[in-house]
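> Attaching a single structure in structure tokens format; questions to follow.
Number of protein chains: 2
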Amino acid sequence: MKLHGYFRSSASYRVRIALNLKGLSAEHLSHHLRKGEQRAPEYLAINPQGLVPTLQGDGDIVLTQSLAIIEWLDETHLQPPLLPKDPLRRAQVRAFAQAIACDLHPVQNLKVLAHLRELGLSEEQVTGWAAWANREGLSACEKLIAGEAGPFCFGDAPTIADLCLVPQLANARRFGVDVAAFPRLLKAEAATKQLKAFADAAPERQPDAE
Amino acid sequence: MKLHGYFRSSASYRVRIALNLKGLSAEHLSHHLRKGEQRAPEYLAINPQGLVPTLQGDGDIVLTQSLAIIEWLDETHLQPPLLPKDPLRRAQVRAFAQAIACDLHPVQNLKVLAHLRELGLSEEQVTGWAAWANREGLSACEKLIAGEAGPFCFGDAPTIADLCLVPQLANARRFGVDVAAFPRLLKAEAATKQLKAFADAAPERQPDAE
Chain A
8 MKLHGYFRSS ASYRVRIALN LKGLSAEHLS HHLRKGEQRA PEYLAINPQG
58 LVPTLQGDGD IVLTQSLAII EWLDETHLQP PLLPKDPLRR AQVRAFAQAI
108 ACDLHPVQNL KVLAHLRELG LSEEQVTGWA AWANREGLSA CEKLIAGEAG
158 PFCFGDAPTI ADLCLVPQLA NARRFGVDVA AFPRLLKAEA ATKQLKAFAD
208 AAPERQPDAE
Chain B
8 MKLHGYFRSS ASYRVRIALN LKGLSAEHLS HHLRKGEQRA PEYLAINPQG
58 LVPTLQGDGD IVLTQSLAII EWLDETHLQP PLLPKDPLRR AQVRAFAQAI
108 ACDLHPVQNL KVLAHLRELG LSEEQVTGWA AWANREGLSA CEKLIAGEAG
158 PFCFGDAPTI ADLCLVPQLA NARRFGVDVA AFPRLLKAEA ATKQLKAFAD
208 AAPERQPDAE
């Protein structure tokens with residue numbers, strides 16, 4: 008398999024963790040987002056959104072969107088499962104993942120921040136915007152799992168919720184958010200730090216890290 | 008079941024279509040988003056994000072995030088299926104749905120547009136922002152299904168892709184986007200118009216419509 012990504016892309020980071028947890032290896036192809044390499048015609052041909060990640064499998068398998076890729080990996084490589092079996096628990100895990108992937112992350116991604124600059128906002132306002140999105144989003148996530156014993160977001164093994172949380176916490180810190188306000192999220196993050204699959208997927212461990 | 012929503016919320020609209028397709032009825036509870044009713048303490052107690060929709064089922068079942076709710080409905084009420092059986096096709100359908108739910112929609116929702124106004128952008132700039140997000144997002148969606156015969160987004164029956172597309176096209180029109188540029192998306196929308204489940208879920212058909 009080939010994973011088209013970028014070391015600092017949180018969506019790519021989620022998929023890297025999933026591949027590692029499943030014990031799968033993939034050739035990592037880097038597309039430098041700040042240089043706009045994700046909009047090169049040959050990349051747009053496989054990912055018309057011009058976003059990372061894209062996972063290319065055997066034959067003509069081309070998968071886009073991090074959560075769709077992760078659910079595909081989970082459906083085709085069963086161990087260890089990244090979602091619980093019970094439909095209600097699955098829905099809770101997915102809702103947490105989507106609170107990050109559908110509400111928080113898209114509002115503070117590179118493309119949106121670039122567009123804010125084009126509209127004339129100052130660098131301080133743009134960083135403030137990203138911090139606002141992270142603070143609001145993580146604050147809701149903290150409440151979503153307040154009643155969960157853990158230590159992971161949901162139970163004693165990582166799920167797609169943790170795969171979304173860890174990269175997002177890294178983003179939040181980068182934008183100056185005080186993550187100490189989210190003790191339950193930090194507890195889940197601490198649990199993931201014990202796992203090589205998470206450590207190996209970290210941005211600073213990638214060959215394209217700057 | 009009780010569906011907490013708002014007539015014009017696209018995420019609520021997706022769930023209304025899913026309920027109708029599954030032949031399920033729910034009591035609709037409206038939360039007026041422009042009046043901030045979604046941030047009332049009693050609503051935040053069931054949905055800490057302060058977003059709609061929330062689906063309350065029997066007992067203490069509380070589900071948030073439209074795509075998680077729809078997948079739960081699909082896993083607990085099998086007919087008609089809203090996702091194909093084949094893992095690769097499922098991933099393609101989910102990726103299309105997420106291109107809307109994780110990339111397009113969140114960037115132009117009420118909360119984000121309100122924050123743009125707070126930062127001093129003019130009404131024209133705010134509408135321009137929403138139109139930009141819709142044009143970029145739908146343009147990518149058009150390419151994602153360019154090779155699909157249809158008539159729905161994927162095949163001859165509606166999937167979660169169509170459930171996300173129809174509300175988003177309504178948004179795009181509201182922001183003045185010329186949707187004629189997306190013939191394949193319009194073909195899918197036309198197919199959904201033949202189905203009562205879609206027609207009955209339309210914003211203008213809801214009791215709280217203004």
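These protein sequences, in sequence, are chains A and B.
Here my numbering = 1-based position in the first sequence + 7.
Here my numbering = 1-based position in the second sequence + 7.
Glycine is no exception: its CB is placed at the ideal position from the N, C-alpha and C atoms.
Measure the C-alpha to C-alpha separation of B:L117 and A:L10 and round it to an integer number of angstroms.
Going by the C-alpha atoms only, they are around 34 Å apart.
> Alpha carbon to alpha carbon, what distance is there between B:E44 and B:P88?
When rounded, the distance between both Cα atoms is 34 Å.
> Do B:L2 and B:A140 have their CB atoms nearer than 8 Å?
Given that chain B is displayed from residue 8 to residue 217, the structure contains no residue 2 of chain B and the question cannot be resolved.
> With which residues is A:S37 paired in a DSSP beta bridge?
DSSP, once it has assigned bridges, lists A:G12 as partnering A:S37.
> Between which two residues does the alpha helix (DSSP H) harbouring A:L221 extend?
The question about residue 221 of chain A has no answer, for chain A in this structure spans 8 to 217.
> Quick check on B:D110 - is its C-beta less than 8 Å from some C-beta in chain A?
Closer than 8 Å: yes.
> In chain order, what residues of the same chain lie with their CB nearer than 7 Å to the CB of A:Y20, ignoring the 5 residues before and after it?
If we look at A:Y20 and ignore the five residues flanking it on each side, its Cβ neighbours are P174, A208 and P210.
> On the DSSP letters alone, give me the boundaries of the alpha helix (DSSP H) that B:T166 sits inside.
No alpha helix (DSSP H) contains B:T166, which DSSP labels as neither H nor E.
> Pairs of beta-carbons, one from the region 95 to 115 of chain B and one from the region 162 to 179 of chain B, closer than 8 Å: are there three or more?
Touching, yes, given that three or more Cβ pairs across the two stretches are closer than 8 Å.
> Determine whether the Cβ of A:H84 lies closer than 8 Å to any Cβ atom of chain B.
Output row for A:H84: interface = no.
> What did DSSP end up calling A:L62 once you bin it into helix, strand or coil?
Of the three classes helix, strand and coil, the one that applies to A:L62 here is strand, per DSSP.
> By the three-class DSSP mapping on this structure, what secondary structure does B:V173 have?
It is helical.
> Taking the beta carbon of B:A197 as the centre, do at least 16 other beta carbons fall within 10 Å, making it buried, or is it exposed?
B:A197 comes out exposed.
> Does B:T134 have its Cβ less than 8 Å from a Cβ in chain A?
Closer than 8 Å: no.
> Under 8 Å between C-beta atoms, does A:A102 make it to chain B?
Closer than 8 Å to some Cβ of chain B, the Cβ of A:A102 qualifies, so yes.
> Express the C-alpha separation of A:D163 and B:R96 in angstroms, rounding to a whole number.
Roughly 31 Å between the two C-alpha positions.
> Using a Cβ-Cβ cut-off of 8 Å, state whether B:E78 counts as contacting chain A.
Yes, contact with chain A.
> Alpha carbon to alpha carbon, how far is A:A104 from B:S146? Give it in angstroms, no decimals.
So the alpha carbons of these two residues sit roughly 26 Å apart.
> How should A:Q213 be labelled, buried or exposed, when 16 other C-beta atoms within 10 angstroms of its C-beta is the threshold for buried?
So A:Q213 counts as buried.
> In whole angstroms, what separates the C-alpha of A:C148 from that of A:D185?
Spanning the two alpha carbons is a distance of roughly 15 Å.
> On a CA-only basis, which of A:V59, A:E155 and A:L40 is nearest A:A121? Give me that one, please.
Closest by alpha carbon: A:L40.
> By the 10 Å Cβ neighbour count, where 16 or more other Cβ atoms means buried, how is B:S129 classified, buried or exposed?
Exposed is the call here.
> Please determine, among A:A216, A:A156 and A:L170, the residue with the shortest C-alpha to C-alpha distance to A:P190.
Out of A:A216, A:A156 and A:L170, A:A156 has the C-alpha closest to the C-alpha of A:P190.
> Provide the residue(s) that pair with B:L70 in DSSP beta bridges, ordered along the chain.
B:L70 pairs with B:L62.
> Taking only beta-carbon atoms, is B:P94 less than 8 Å away from chain A?
Closer than 8 Å to some Cβ of chain A, the Cβ of B:P94 qualifies, so yes.
> Quick check on B:H38 - is its C-beta less than 8 Å from some C-beta in chain A?
For B:H38, the answer is no, since every Cβ of chain A falls outside 8 Å of its Cβ.
> For B:Q175, which residues in chain A fall below 9 Å Cβ to Cβ?
Chain A residues near B:Q175: none, gap ~13 Å exceeds 9 Å.
> Do you know offhand how far A:L123's Cα is from A:Q86's?
About 42 Å.
> B:P158 to B:I167, Cα distance in whole Å?
Answer to the nearest angstrom: the Cα atoms are 14 Å apart.
> Tell me whether B:K29 is buried or exposed, calling it buried when 16 or more other Cβ atoms sit within 10 Å of its Cβ.
When all chains shown are included, B:K29 counts as buried.
> Count the other CB atoms, across all protein chains shown, that sit within 10 Å of the CB of B:R101; report buried if there are 16 or more and exposed otherwise.
The residue is buried, with at least 16 neighbouring Cβ atoms inside 10 Å.
> Using a beta-carbon distance below 8 Å, is B:Q115 in contact with chain A?
No, B:Q115 does not count as interfacial toward chain A.
> Comparing alpha-carbon positions, which option in A:Q99, A:P94, A:I77 and A:K92 lies nearest B:P94?
When only C-alpha atoms are compared, the closest one is A:I77.
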